[in-house]
Amino acid sequence: MYSKHSENIQDPNNVKRTATSISWYPDFFFILFRDPNNVKRTATSISWYPEDAHKLAVSYSVLEFQKLTTNMCFDSYVWDIENPNKPEYTLKPISPLVCLEYNPKDPHVIIGGCYNGQLGYWDTRKGSAPFEVTPIACSHQDPIFDVKFVQSKTGTECFSTSTDGYVYWWDIRKLAEPAEMLYLVKNSKENKPMGGLVLDYEPTMPTKFMVGTEQGAALLCNRKAKSPGDNIVASYNQHTGPIYALQRNPFFPKYFLTAGDWTARVSFYIQKKRYM
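Residues 12 to 287 in the working numbering are what the sequence shown spells out, letter by letter.
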């Protein structure tokens with residue numbers, strides 16, 4: 012469905028919008044991709060097709076356990092923006108997908124984090140079922156809230172985070188167990204970890220990454236720290252509630268933006284305090 016936003020141009024024929032109508036008018040449209048299932052679910056993440064802007068993958072899930080029903084559909088979809096009435100491809104996970112991302116080096120591969128804590132990946136050339144899924148015993152114990160591919164020679168490495176307090180690194184060629192893991196505690200005196208909600212990864216700084224937590228802290232981490240206790244380089248208590256979005260400035264990566272508790276904050280992490 013297309014929603015037209017213009018007061019100056021009227022449609023004389025009042026025809027139903029199709030994808031080709033985008034080029035007929037100089038104004039802009041909202042394109043609505045509706046969950047095709049009877050039980051409507053939240054669109055929990057979006058990933059654009061890496062080779063062009065004509066397709067996007069969307070994960071759908073219900074994030075409240077009490078609202079999960081036995082007959083709820085677990086499917087997520089890949090949409091073509093020129094055909095918003097029907098998904099181009101269906102992802103059929105074993106548990107609802109909370110997050111997903113296209114592989115920037117292989118546009119046929121999609122990684123997805125499930126509500127039950129398992130991680131799976133799809134090859135869109137090989138059907139709707141996941142090509143491989145992590146074993147439950149080696150997976151997160153809470154929903155995976157974010158997953159991202161990292162720069163590597165093989166293009167098959169990624170990392171995930173969850174409210175169980177862990178960050179796991181994976182190689183999708185062998186998902187039997189995580190390659191590495193990080194426990195999100197700020198120092199050795201604390202036993203209770205912080206729950207991860209969002210990740211930020213900058214390819215120009217491949218060993219450093221950031222985690223936004225449900226406790227409101229943004230963590231700057233170093234994957235290649237000399238000792239396990241040094242993995243968390245700094246903690247910024249940005250918000251009084253969960254951080255739902257975190258992104259570094261692509262031009263000045265030492266600046267980062269966080270969003271949560273009805274506020275957005277810009278920080279400069281070398282100074283270890285809020286900058287704006």
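Ideal Cβ positions, reconstructed from N, Cα and C, are used throughout, including at glycine.
How is Asp272 classed by DSSP in three states: helix, strand or coil?
Start at 1 with the first residue of the sequence shown, and residue 272 comes out as number 261. Three-state DSSP puts Asp272 in coil, outside helix and strand.
For Thr55, does the count of other Cβ atoms within 10 angstroms reach 16, so buried, or fall short, so exposed?
Here residue 55 is taken as the residue at index 44 of the sequence shown, counted from 1. So Thr55 counts as buried.
My understanding is that Leu108 touches Ser87, with C-beta atoms under 8 Å, so please give their C-beta distance in whole angstroms.
For the purposes of this step, residue 108 is identified with residue 97 of the sequence shown, where counting begins at 1. For the purposes of this step, residue 87 is identified with residue 76 of the sequence shown, where counting begins at 1. Contact flag correct, Cβ pair sits at about 5 Å.
Apart from the five residues on each side of it in sequence, which residues of its chain come closer than 6 Å, Cβ to Cβ, to Leu193?
Residue 193 sits at position 182 when you count from the first residue of the sequence shown. Closer than 6 Å at the Cβ level, and outside the excluded window around Leu193, lie Val178 and Asn242.
By the three-class DSSP mapping on this structure, what secondary structure does Ala148 have?
Taking the sequence shown and counting its residues from 1, the one referred to as residue 148 is at position 137. It is helical.
Whole angstroms is fine: what's the gap from Ala236's alpha carbon to Trp181's?
Position 225 of the sequence shown, counted from the start, is the residue given in the question as residue 236. Position 170 of the sequence shown, counted from the start, is the residue given in the question as residue 181. Computed Cα separation, rounded: 18 Å.
Quick check: the Cα distance between Ser34 and Phe41, rounded to an integer number of angstroms?
By one-based count along the sequence shown, residue 34 stands at place 23. By one-based count along the sequence shown, residue 41 stands at place 30. At Ser34, the pLDDT of 41 sits below 50, so the modelled position is not reliable; the number obtained from the coordinates is stated separately. Approximately 13 Å, taken between the alpha carbons.
What number of angstroms, rounded off, separates the C-alpha of Glu62 from the C-alpha of Pro118?
Here residue 62 refers to the residue found at position 51 of the sequence shown. Here residue 118 refers to the residue found at position 107 of the sequence shown. If I take the Cα positions, the gap works out to 7 Å.
What three-state label does DSSP hand Gly166 in the structure shown?
On the sequence shown, position 155 is the one that residue 166 refers to. Coil at Gly166, not helix or strand.
Tell me the residue span of the beta strand (DSSP E) that contains Pro118.
Position 107 of the sequence shown, counting from 1, holds the residue named residue 118. Residues Asp117 to Cys125.
On the criterion of 16 or more Cβ atoms from any shown chain inside 10 Å, does Glu75 qualify as buried, or is it exposed?
The sequence position of residue 75 within the sequence shown is 64, counting from 1. Burial call: exposed.
Helix, strand or coil at Asp241 [DSSP, three-state]
Position 230 of the sequence shown, counting from 1, holds the residue named residue 241. Helix.
Am I right that Gly271 and Gly252 are in contact with their C-beta atoms under 8 Å? What's the rounded C-beta distance?
Translated into positions along the sequence shown, residue 271 becomes position 260. Translated into positions along the sequence shown, residue 252 becomes position 241. Between Gly252 and Gly271 the Cβ distance is about 5 Å, and since that is below 8 Å, they are a contact.
How far does the beta strand (DSSP E) with Leu79 in it extend, from its first residue to its last?
Here residue 79 refers to the residue found at position 68 of the sequence shown. First-last for Leu79: undefined, no H or E at that position.
In chain order, which continuous runs of the beta strand (DSSP E) of length 3 or greater are located wholly inside the stretch 186–261?
191–194, 207–212, 219–224, 228–233, 243–248 and 256–259
Below 8 Å on the Cβ atoms is my guess for Gly123 versus Ser173; work out the distance and round it to an integer in Å.
Counted from its first residue, the sequence shown places residue 123 at position 112. Counted from its first residue, the sequence shown places residue 173 at position 162. Wrong, their Cβ atoms sit about 13 Å apart, outside the cutoff.
Between the beta-carbon of Phe85 and the beta-carbon of Pro104, is there less than 8 Å?
For the purposes of this step, residue 85 is taken as residue 74 along the sequence shown, with counting starting at 1. For the purposes of this step, residue 104 is taken as residue 93 along the sequence shown, with counting starting at 1. A contact, by the Cβ cut-off of 8 Å.
Consult DSSP for Gly131 and reduce its assignment to one of helix, strand or coil.
Stepping through the sequence shown from its first residue, residue 131 is reached at position 120. Three-state DSSP puts Gly131 in a strand.
Measure the C-alpha to C-alpha separation of Arg52 and Ser238 and round it to an integer number of angstroms.
Translated into the one-based positions of the sequence shown, residue 52 becomes position 41. Translated into the one-based positions of the sequence shown, residue 238 becomes position 227. Distance between the alpha carbons of Arg52 and Ser238: 43 Å.
For Tyr212 and Phe262, the rounded distance between their alpha carbons:
By 1-based counting over the sequence shown, the position of residue 262 is 251. By 1-based counting over the sequence shown, the position of residue 212 is 201. Roughly 14 Å separates the two Cα atoms.
Whose CA, out of Ala187, Lys203, Leu210 and Ala148, lies closest to the CA of Phe160?
Taking the first residue of the sequence shown as position 1, residue 160 is located at position 149. For the residues Ala187, Lys203, Leu210 and Ala148, the minimum Cα distance to Phe160 belongs to Leu210.
Beta strand (DSSP E) containing Leu102: first to last residue?
Within the sequence shown, the letter at position 91 stands for residue 102. Element bounds for Leu102: Tyr100 to Leu102.
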